[in-house]
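Sequence positions in the first sequence follow our numbering and run 5 to 438.
We put the CB at the ideal spot given by N, CA and C, even for glycine.
Here the structure is laid out as structure tokens; the discussion comes afterwards.
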Amino acid sequence: MSAPASEALGSQRNDESFSDIWDEIVWRGLVHVSTDEEQLKTLLAGPPVTYYCGFDPTAPSLHLGNLVQLLLMRRLQLAGHKPLGLVGGSTGLIGDPRPTAERTLNDAATVAEWVGYLQAQVSKFLSFEGDNAARLVNNLDWTAPLTAIDFLRDVGKYFRVGTMLKKDAVSARLNSDAGISYTEFSYQLLQGLDYRELYRTYGCVLQTGGSDQWGNLTSGVDLIHKSEGAAVHAIGTPLITNSDGTKFGKSEGNAVWLDAAMTSPYAFYQFWLNTDDADVVGRLKIFTFLTRVEIEGLEAAVAAEPFKREAQRSLAWHVTTLVHGEAATVAAIAAAEALFGQGDLAGLDAATLESAIAELPHVSVSPQTTVAEALVETGLTSSLGESRRAIAQGGVYVNNSKVEESATFEGTGLAGGIAVLRRGKKTLAGVRLI
RNA sequence: GGCAAGUUACCCAAGCGGCCAAAGGGAUCUGACUGUAAAUCAGACGGCUUCGCCUUCACAGGUUCGAAUCCUGUACUUGCCA
Numbered sequence: 005m006s007a008p009a010s011e012a013l014g015s016q017r018n019d020e021s022f023s024d025i026w027d028e029i030v031w032r033g034l035v036h037v038s039t040d041e042e043q044l045k046t047l048l049a050g051p052p053v054t055y056y057c058g059f060d061p062t063a064p065s066l067h068l069g070n071l072v073q074l075l076l077m078r079r080l081q082l083a084g085h086k087p088l089g090l091v092g093g094s095t096g097l098i099g100d101p102r103p104t105a106e107r108t109l110n111d112a113a114t115v116a117e118w119v120g121y122l123q124a125q126v127s128k129f130l131s132f133e134g135d136n137a138a139r140l141v142n143n144l145d146w147t148a149p150l151t152a153i154d155f156l157r158d159v160g161k162y163f164r165v166g167t168m169l170k171k172d173a174v175s176a177r178l179n180s181d182a183g184i185s186y187t188e189f190s191y192q193l194l195q196g197l198d199y200r201e202l203y204r205t206y207g208c209v210l211q212t213g214g215s216d217q218w219g220n221l222t223s224g225v226d227l228i229h230k231s232e233g234a235a236v237h238a239i240g241t242p243l244i245t246n247s248d249g250t251k252f253g254k255s256e257g258n259a260v261w262l263d264a265a266m267t268s269p270y271a272f273y274q275f276w277l278n279t280d281d282a283d284v285v286g287r288l289k290i291f292t293f294l295t296r297v298e299i300e301g302l303e304a305a306v307a308a309e310p311f312k313r314e315a316q317r318s319l320a321w322h323v324t325t326l327v328h329g330e331a332a333t334v335a336a337i338a339a340a341e342a343l344f345g346q347g348d349l350a351g352l353d354a355a356t357l358e359s360a361i362a363e364l365p366h367v368s369v370s371p372q373t374t375v376a377e378a379l380v381e382t383g384l385t386s387s388l389g390e391s392r393r394a395i396a397q398g399g400v401y402v403n404n405s406k407v408e409e410s411a412t413f414e415g416t417g418l419a420g421g422i423a424v425l426r427r428g429k430k431t432l433a434g435v436r437l438i
């Protein structure tokens with residue numbers, strides 16, 4: 005992430021029109037499953053409780069799925085509760101069972117490096133000041149010293165294999181032809197252990213996570229019930245889906261990351277701007293701090309004047325600002341306005357073009373370079389063959405003019421020797437001619 | 001440990017000696033229509049110096065004029081038995 009989101013922390017607040025935080029998160033569609041609702045509602049309406057959510061370092065950055073959790077954590081913190089942000093230094097070495105196939109293990113040094121990145125990202129969404137300051141924890145701290153024997157005696161004894169086999173994540177794998185290793189099968193014990201550790205150390209009584217993690221959330225609830233005799237809670241957020249059936253959080257087949265180096269603020273903004281009408285209201289509820297009244301106003305706007313995409317603009321603005329800061333968001337919008345679809349790129353001055361190009365993937369090439377080669381270099385296509393196909397299909401433009409097969413950049417330089425390369429309607433890249 | 005079945009392109013999945021760069025579906029990309037939306041329709045979808053050539057069907061070796069297809073070994077997966 006390029007800019008600290010903390011600049012936004014101070015202005016964030018929950019919607020006062022709800023009688024309590026539970027009602028608000030239910031309205032926002034953040035509760036898919038949970039332990040006893042009445043108890044949770046009462047608990048969250050009372051004095052500060054300590055809660056946690058874990059993030060495993062299976063990549064160098066968090067992604068949009070994690071953002072749902074981060075925002076839920078922040079909403080609970082705004083309601084006065086104390087967050088524990090857990091980054092899974094140990095669980096990241098194991099990997100939770102995915103429904104499809106066994107994970108490839110990452111080496112310890114890589115995971116340790118990613119732990120650092122994730123901790124930095126998590127920190128930006130929580131406040132570390134005040135009575136209910138957030139705290140970061142790493143489960144490697146209590147898992148690493150544990151011996152196999154202690155683990156089996158102090159944790160394993162509380163788990164029944166029959167119960168473990170019934171967890172969705174495990175049974176899905178057992179019923180598939182991929183099977184499951186003992187390593188991944190054991191994951192739920194580790195997560196259960198985490199919850200118990202945090203319960204003992206910090207009095208943590210609530211864990212949140214994606215509903216696909218429900219089995220892992222409840223394993224901790226059960227463990228604490230059995231070994232500590234205490235009743236604790238869990239909330240599972242819904243899996244975010246697109247109304248057209250495609251996967252949420254993918255842009256052109258790639259994950260949308262929170263790290264600006266992996267998904268640029270420009271691409272991030274575009275992702276949200278392109279949200280379906282059918283999905284945009286749900287996204288506003290989950291990913292922004294707009295109030296119910298404000299969201300209902302945008303909902304009406306979508307119904308009345310969908311072509312204005314006011315809700316999408318608002319959504320893109322708020323989420324991009326939240327993640328990348330206002331300056332980066334302004335730059336992303338300016339770049340889009342300068343570059344997008346207007347026929348008249350030649351009218352832009354060098355400074356405007358320079359800053360617009362900076363938001364896009366860009367390369368420096370000689371004017372003799374073919375457009376097909378530049379497509380590959382900027383990542384707009386992955387091979388020359390693909391470039392040729394794209395050009396043949398009429399999907400490639402330089403400075404908004406469709407190009408032919410053997411085109412080069414001769415004579416295409418705009419102000420500052422820059423050319424704008426475009427594939428399809430919305431995929432742009434910058435080319436600096438040298 | 002024994003027996004059986006399996007491992008095909010991003011995913012699912014056909015193919016069972018030549019007509020196979022490999023059916024079909026999904027995902028993805030492009031075009032048309034649009035609102036930088038959805039739906040729909042059309043095309044593309046291993047690589048390249050693209051009327052042709054090159055590299056693929058778990059891995060290694062073999063049989064054959066010729067293998068994704070047959071044989072041997074190895075790895076991994078699943079099921080049943082122990």
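Helix, strand or coil at residue i according to DSSP, with G and I counted as helix
i    : result
P51  : coil
L437 : strand
A105 : coil
V159 : coil
V174 : helix
A259 : strand
F272 : helix
G351 : helix
Q16  : coil
V35  : coil
A7   : Because A7 sits at a pLDDT of 44, beneath the cut-off of 50, its placement in the model cannot be relied upon, and the point is left open.
R392 : helix
V402 : strand
D24  : coil
I184 : coil
T374 : strand
A411 : coil
E58  : It should be pointed out that residue 58 corresponds to Gly in this sequence rather than to Glu. Three-state DSSP puts G58 in a strand.
L432 : strand
S368 : strand
N70  : helix
L140 : strand
9 Å Cβ cutoff met for residue i and residue j
i    : j    : result
V141 : P61  : no
V323 : F291 : yes
W261 : S65  : yes
L202 : T54  : yes
D216 : N246 : no
V369 : F311 : no
S231 : R200 : yes
Y121 : P87  : no
N110 : G58  : no
F272 : H328 : yes
N163 : G213 : The residue asked about is misnamed: residue 163 is Phe in this sequence, not Asn. Taking 9 Å as the Cβ cut-off, F163 and G213 do not qualify as a contacting pair.
D100 : A176 : no
V400 : L432 : no
Whole-Å CB distance - residue i paired with residue j, under 8 Å assumed
i    : j    : result
L384 : R317 : The pair is not a contact, with the Cβ atoms about 25 Å apart (cut-off 8 Å).
L288 : A315 : 7 Å
P371 : A332 : So it is not a contact: roughly 31 Å between Cβ atoms.
Task: Meets three-Cβ-pair contact criterion under 8 Å: the segment 94 to 101 and the segment 137 to 150 - done: yes
Open item on the list: Does the contact criterion of 3 or more C-beta pairs under 8 Å hold for the segment 389 to 408 versus the segment 354 to 363?
Closed with: With the rule of 3 Cβ pairs closer than 8 Å, the segment 389 to 408 does not count as touching the segment 354 to 363.
- [ ] Give, in chain order, every unbroken run of the alpha helix (DSSP H) that is at least 4 residues long and sits entirely within the segment 189 to 252.
- [x] Within the segment 189 to 252, the complete alpha helix (DSSP H) runs of at least 4 residues fall at 191 to 206 and 218 to 232.
Task: Inter-stretch contact (C-beta, 8 Å, three-pair minimum) for the segment 215 to 222 and the segment 237 to 250 - done: Touching, yes.
Task: Contained beta strand (DSSP E) runs [length at least 3] in the segment 276 to 332, N- to C-terminal order - done: none
Open item on the list: I'd like to know if the segment 412 to 422 and the segment 351 to 360 are in contact, where contact means that at least 3 CB-CB pairs between them fall below 8 Å.
Closed with: yes
Task: 3 or more residues per run - each beta strand (DSSP E) lying fully within the segment 79 to 132 - done: Correct list: 86 to 91.
Open item on the list: Could you check whether the segment 97 to 106 touches the segment 180 to 189, counting it as contact only if at least three pairs of C-beta atoms, one from each stretch, sit closer than 8 Å?
Closed with: yes
Task: Three CB pairs or more closer than 8 Å across the segment 14 to 29 and the segment 79 to 86 - done: Yes: at least three Cβ pairs fall under 8 Å.
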